[in-house]
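Q:
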Amino acid sequence: MIIDRQQLVAALPQYEIGDVIGRGAHGLVVAARHRRLGTTHAVKALAVAEADLASASRRFLTEARVMTSLDHPHIVRVNEYAEHGGTLLLVMEHLGGGTLIDRARDRVTPEAASAWMLAVAEALAVAHRQGVVHRDIKPANLLFTADGLLKVGDFGIAKLFAGSDASASADIVGTPRYIAPEQISGGRTGPGTDLYALGVTFYELLTGRPPFPADLNMPGLLHHHLSVPPRPPDGVSPALAALVLRLLAKDPADRPETARDFARALVEAADEDLGHDWIARSGVPLRIDGALLYRDRTPVPPFAKTIYLAEQPPLPPIEPDAPPSGEGARAFAARGAGGVARFGRAVARRERSALVALGVVLAVLVAGVVFVVARPDGSATVTAAPTASPVRTVAPPTATLLGQFYADSTIAGVLATNEDASRVAWVATDGGVKIWQPRDAHQVTVGGTGDAFWAVAFAASADPGLAGDGGLLLTGGQDGWIRQWDPANGQQAGAFTAAGGPEQTMAVAFDGDGSTMAAGGSDGTVRIWNAITAETEDPPLRGHTSPIAAIAFAPTRDRVATAADDGVRIWSRGSHQQVAYRPNAKGAVTTSLMFSPDGHRLAAGGLNNVVRLWDPKTGNPVGAAIEPGLTDSLALGFTRDSRRLVTVAGNSVRRWDVTTGAQVGEELTLHLSAPAVAAALTPDGTRVVIAASDGSVRLYRIS
56 MIIDRQQLVA ALPQYEIGDV IGRGAHGLVV AARHRRLGTT HAVKALAVAE
106 ADLASASRRF LTEARVMTSL DHPHIVRVNE YAEHGGTLLL VMEHLGGGTL
156 IDRARDRVTP EAASAWMLAV AEALAVAHRQ GVVHRDIKPA NLLFTADGLL
206 KVGDFGIAKL FAGSDASASA DIVGTPRYIA PEQISGGRTG PGTDLYALGV
256 TFYELLTGRP PFPADLNMPG LLHHHLSVPP RPPDGVSPAL AALVLRLLAK
306 DPADRPETAR DFARALVEAA DEDLGHDWIA RSGVPLRIDG ALLYRDRTPV
356 PPFAKTIYLA EQPPLPPIEP DAPPSGEGAR AFAARGAGGV ARFGRAVARR
406 ERSALVALGV VLAVLVAGVV FVVARPDGSA TVTAAPTASP VRTVAPPTAT
456 LLGQFYADST IAGVLATNED ASRVAWVATD GGVKIWQPRD AHQVTVGGTG
506 DAFWAVAFAA SADPGLAGDG GLLLTGGQDG WIRQWDPANG QQAGAFTAAG
556 GPEQTMAVAF DGDGSTMAAG GSDGTVRIWN AITAETEDPP LRGHTSPIAA
606 IAFAPTRDRV ATAADDGVRI WSRGSHQQVA YRPNAKGAVT TSLMFSPDGH
656 RLAAGGLNNV VRLWDPKTGN PVGAAIEPGL TDSLALGFTR DSRRLVTVAG
706 NSVRRWDVTT GAQVGEELTL HLSAPAVAAA LTPDGTRVVI AASDGSVRLY
756 RIS
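Note that the sequence shown ends on residue 758 in the working numbering; no numbers are left out.
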């Protein structure tokens, strides 16, 4: 059928119809510009025979409604539905980065191939949870934005091609090269159908050829899909090869049960074959659930807690003007049907040898502390540690429960509290930000369903004259804007953006009194504003090569610290020049930053069970590495006198000497109803808020 351009103009009067940018057997895709907003979109127009129009229209409208609900950064957004005569139209976001076909023409590294498949798996997981099976996963339907973000397109549209106007083979829905056996045999399609097609795509990316001979005719190709095992993927590392063949199993029951199961298996296989930093080395931007990247780790035996295992070389010396050690790509949370997910990177699995640990038990018992340097060949060198100065006795810490609250939706792993913990804010998985007032259990919602917030922050010591009672709340999210909110009523108090600003705002921060604010973007840039006049401080802080994870202002007002996949950078507030740069250790990532009240220490930690203290004047490390405990959540604070660092890792609270890095006093264990997903400390370390996976939020006083 022919699609008349005038039909498009009549159906979409608010758009200026542009050139044709794609064609298919049943329609075409044209560029379109919104007349009032000036935004560019892609319009997909499908022609339907008159006899099928009524049923096709009902089905297409149903699919359009489902597609508009598939809100995930790795899925092409659908903005509008329209129809005119026998033409059905979808208005979608316009992507200018080509398709996977274009990217695969050049050599594809296994790291990049695995990262792309992880993005597709996350998109499919969102769709499958809503009962949508794509049925036509292939490189042509995997599209890219101009900055390289992969998005899955054409969800559900293939289902429309089984009408009476379809070709003779249209009763088999899908593209033959990527079609699953159950699609050929008329069996029930489901998530495994999409995973099979993804397996074919993954095979092609890793090997440069299809799993079955390319010269097969149609009957021969379908026969191979049904009955012939694929050729072994030669040259592919063993764990990834086994996973690809599992995707290509003839029986759907032998494939991963869900797309999320495949994503987990992919992370594990890629870790094994490519190393824990494969995502960073891939150069592929990802917007995925950070929980996927929390690798299992063998715990340290109780007797070995005083053993330092030198698994990695020490950090290189500071080179203020040196570039990062690699092209980082942060894997961070994105909101989909499964909710806003935690923002984070991999927790590196430590490879410990039980024989080494057992071999030094006697040395530990006799000498107290030893250093064990484990080599790749399994050998080890044991040397005595320097004698530490005695630590004076400290009273055991105690915790008093001040309040608890059960949220009506899951907490996404982003949590903040104001100076005195009179207000607590978190990102909710059902959209928006929730604000809880512990003293009277009052709750306020900021934003709503459909909003995607990534970051929240209060001022550390808000000036009531600037921010009102309790301080304003600062948020950042998918739209790239940073917004100020009155936490008492949830009303927006201000909104800020900048020319050339980031696609998404990933981290936000106020300075001490709330007079200055900062936002870190998905492009690795940090911008600073005067919170009163809305004027920007130029130039922006540029140097990170991956999305910003954390920002902190020094109370001395002369430094600001930023963290991303590539490491921690310290900047001069006056000149906006970089003062120091510390790359993350292999497999590590920094997601939390905190300055001491006197400004003499910067604490930086992440989800790899390591916190380091730095001198913000020089960037030099201070004391030994601190291990607060393996957890999905970490919060940092300092005591008022700046002599102790306070860490909250899961349900464990500990204090540390800021000069030596040694633990001070006993560990305090908080009793939670479920595993912790997020935590926040007041700046003085006396109040801690912990959110658990069951939706509970608890406020404790620590003394």
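We put the beta carbon where it would ideally sit given N, CA and C, even for glycine.
What does the alpha-carbon distance come out to for the pair Val677 and Gly684?
A: Within the sequence shown, numbered from 1, the residue matching residue 677 stands at position 622. Within the sequence shown, numbered from 1, the residue matching residue 684 stands at position 629. Rounded to whole angstroms, Val677 to Gly684 spans 20 angstroms at the Cα level.
Q: Pick from Glu135, Ala87, Thr142, Ile72: whose alpha carbon is nearest that of Ala100?
A: Position 45 of the sequence shown, counting from 1, holds the residue named residue 100. Checked all of Glu135, Ala87, Thr142, Ile72; the closest Cα to Ala100 is Thr142.
Q: Give the range of the beta strand (DSSP E) segment to which Gly622 is assigned.
A: Here the question's residue 622 lines up with position 567 in the sequence shown. That run of the beta strand (DSSP E) goes 622-627.
Q: Going by other Cβ atoms of all chains shown within 10 Å of its Cβ, with 16 needed for buried, is Leu723 buried or exposed?
A: Indexing the sequence shown from 1 puts residue 723 at position 668. Under this definition Leu723 is a buried residue.
Q: Which class does Trp584 belong to by DSSP, given the choice of helix, strand or coil?
A: Locating residue 584 in the sequence shown gives position 529, counting from the first residue. Strand, per DSSP.
Q: Are the beta-carbon atoms of Gly674 and Val634 separated by less than 8 angstroms?
A: Mapped onto the sequence shown, residue 674 falls at position 619. Mapped onto the sequence shown, residue 634 falls at position 579. Going by C-beta atoms, Gly674 is nearer than 8 angstroms to Val634.
Q: Taking a contact to mean a Cβ-Cβ separation below 8 angstroms, would you say Leu529 touches Ala512 in this structure?
A: Residue 529 sits at position 474 when you count from the first residue of the sequence shown. Residue 512 sits at position 457 when you count from the first residue of the sequence shown. Yes, Cβ-Cβ distance for Leu529 and Ala512 is below 8 angstroms.
Q: By the DSSP assignment, the alpha helix (DSSP H) with Val299 in it spans what residues?
A: For the purposes of this step, residue 299 is identified with residue 244 of the sequence shown, where counting begins at 1. Element bounds for Val299: 293-302.
Q: With DSSP as the reference, label His96 as helix, strand or coil.
A: Residue 96 sits at position 41 when you count from the first residue of the sequence shown. Reduced to three states, the DSSP call for His96 is strand.
Q: Counting beta carbon pairs with one atom in the region 585-595 and one in the region 609-624, are three or more of them shorter than 8 angstroms?
A: no
Q: On the DSSP letters alone, give me the boundaries of the beta strand (DSSP E) that Leu143 sits inside.
A: The residue labelled residue 143 in the question sits at position 88 within the sequence shown. Residues 142-148.
Q: In angstroms with no decimal places, state the Cα-to-Cα distance between Gly716 and Arg158.
A: Stepping through the sequence shown from its first residue, residue 716 is reached at position 661. Stepping through the sequence shown from its first residue, residue 158 is reached at position 103. In a straight line, the C-alpha of Gly716 is about 47 angstroms away from that of Arg158.
Q: From this set, Trp669, Gly598, Gly567, which residue's C-alpha is nearest Gly579's C-alpha?
A: Looking up residue 579 in the sequence shown gives position 524. Residue Gly598 is the option with its Cα nearest to Gly579.
Q: By a C-beta neighbour count over all protein chains shown, 10 Å radius and 16 as the cutoff for buried, is Asp202 buried or exposed?
A: Stepping through the sequence shown from its first residue, residue 202 is reached at position 147. Exposed: under 16 other Cβ atoms inside 10 Å.
Q: State the Cα-Cα distance for the pair Glu323 and Gly82, rounded to the nearest angstrom.
A: The residue labelled residue 323 in the question sits at position 268 within the sequence shown. The residue labelled residue 82 in the question sits at position 27 within the sequence shown. Straight-line Cα distance between these residues: approximately 41 angstroms.
Q: Return the CA-CA distance between Gly186 and Leu347, expressed in angstroms with no decimal places.
A: To locate residue 186, count along the sequence shown from 1; it is residue 131. To locate residue 347, count along the sequence shown from 1; it is residue 292. Each residue's alpha carbon lies about 22 angstroms from the other.
Q: I'd like to confirm the pairing. Which residues does DSSP put opposite Pro676 in its beta bridges?
A: Along the sequence shown, one-based indexing puts residue 676 at 621. Within the DSSP bridge table, the entry for Pro676 names Trp669 as partners.
Q: With DSSP as the reference, please indicate the residues paired to Thr617 in a beta bridge.
A: By 1-based counting over the sequence shown, the position of residue 617 is 562. The partner list for Thr617 (beta bridge, DSSP) reads Ile606, Arg624.
Q: Which whole-angstrom value describes the C-beta separation of Ala195 and His129, a residue pair presumed to lie in contact below a C-beta threshold of 8 angstroms?
A: Position 140 of the sequence shown, counted from the start, is the residue given in the question as residue 195. Position 74 of the sequence shown, counted from the start, is the residue given in the question as residue 129. Their Cβ separation, rounded to whole angstroms, is 16 angstroms, which puts Ala195 and His129 out of contact at 8 angstroms.
Q: Does the region 615-622 come close enough to the region 691-710 that 3 or more CB-CB pairs lie under 8 angstroms?
A: no
Q: Are there three or more Cβ pairs, one per stretch, closer than 8 angstroms when the region 280-289 is compared with the region 326-336?
A: no
Q: Quick check: the region 144-151 against the region 164-175, are there 3 or more CB pairs under 8 angstroms?
A: no
Q: Is it a yes or a no for the region 525-545 touching the region 481-495, going by three-plus beta-carbon pairs under 8 angstroms?
A: The answer is yes - the region 481-495 touches the region 525-545, with three or more Cβ pairs under 8 angstroms.
Q: When you compare each of Gly622, Thr600, Val581 to Arg628 by their alpha carbons, which one comes out closest?
A: Reading the sequence shown from its first residue, position 573 is the one you call residue 628. When each option's Cα is compared against that of Arg628, the closest is Val581.
Q: Please report how far the alpha carbon of Asp226 lies from the alpha carbon of Gln238, in whole angstroms.
A: If you number the sequence shown from 1, residue 226 lands on position 171. If you number the sequence shown from 1, residue 238 lands on position 183. Note that Asp226 has pLDDT 43, beneath the 50 cutoff, so the model's placement of it is unreliable and no number is given.
Q: Give the straight-line distance between the Cα atoms of Pro354 and Asn664, rounded to the nearest whole angstrom.
A: Numbered from 1 along the sequence shown, position 299 holds the residue referred to as residue 354. Numbered from 1 along the sequence shown, position 609 holds the residue referred to as residue 664. The pLDDT assigned to Pro354 is 37, lower than 50, so where the model puts this residue is not dependable; a value taken from the coordinates is nonetheless given after this. Distance between the alpha carbons of Pro354 and Asn664 is about 11 angstroms.
Q: Can the beta-carbon of Val752 be found less than 8 angstroms from the beta-carbon of Phe460?
A: Reading the sequence shown from its first residue, position 697 is the one you call residue 752. Reading the sequence shown from its first residue, position 405 is the one you call residue 460. For Val752 and Phe460, yes; Cβs fall inside 8 angstroms.
Q: Classify Ser477: buried if its beta carbon has 16 or more other beta carbons within 10 angstroms, exposed otherwise.
A: Along the sequence shown, one-based indexing puts residue 477 at 422. Answer is buried; the Cβ neighbour count reaches 16.
Q: Using C-beta distances below 7 angstroms, list every residue in its chain close to Ala304, excluding the 5 sequence neighbours before and after it, in chain order.
A: Here residue 304 is taken as the residue at index 249 of the sequence shown, counted from 1. Around Ala304: Arg310.
Q: Should Pro379 go down as buried or exposed, given a rule of 16 or more other Cβ atoms within 10 Å for buried?
A: Mapped onto the sequence shown, residue 379 falls at position 324. Any answer about Pro379 is weak, because its pLDDT of 34 lies below 50 and its placement is not dependable; what the coordinates show is given next. Answer is buried; the Cβ neighbour count reaches 16.
Q: Please go through the same chain and pick out, in chain order, the residues whose beta-carbon is closer than 8 angstroms to the beta-carbon of Gln69, but skip the five residues on each side of it.
A: As a first step, residue 69 must be located in the sequence shown, where it is residue number 14. The residues are His89, Arg90, Arg91.
Q: If you draw a straight line from the alpha carbon of Val488 to that of Val501, how long is it in whole angstroms?
A: Your numbering for residue 488 matches position 433 in the sequence shown. Your numbering for residue 501 matches position 446 in the sequence shown. Looking at the two C-alpha atoms, the distance is approximately 5 angstroms.
Q: Could you pull out every residue in the same chain whose Cβ sits closer than 6 angstroms to the Cβ of Arg656, ignoring the five residues on either side in sequence?
A: The count along the sequence shown starts at 1 and reaches residue 656 at position 601. Once the five neighbours on either side are set aside, the close Cβ partners of Arg656 are Leu668, Val713.
Q: Determine, using beta carbons only, whether Leu302 and Asp328 come nearer to each other than 8 angstroms.
A: Against the sequence shown, residue 302 aligns to sequence position 247. Against the sequence shown, residue 328 aligns to sequence position 273. Going by C-beta atoms, Leu302 is not nearer than 8 angstroms to Asp328.
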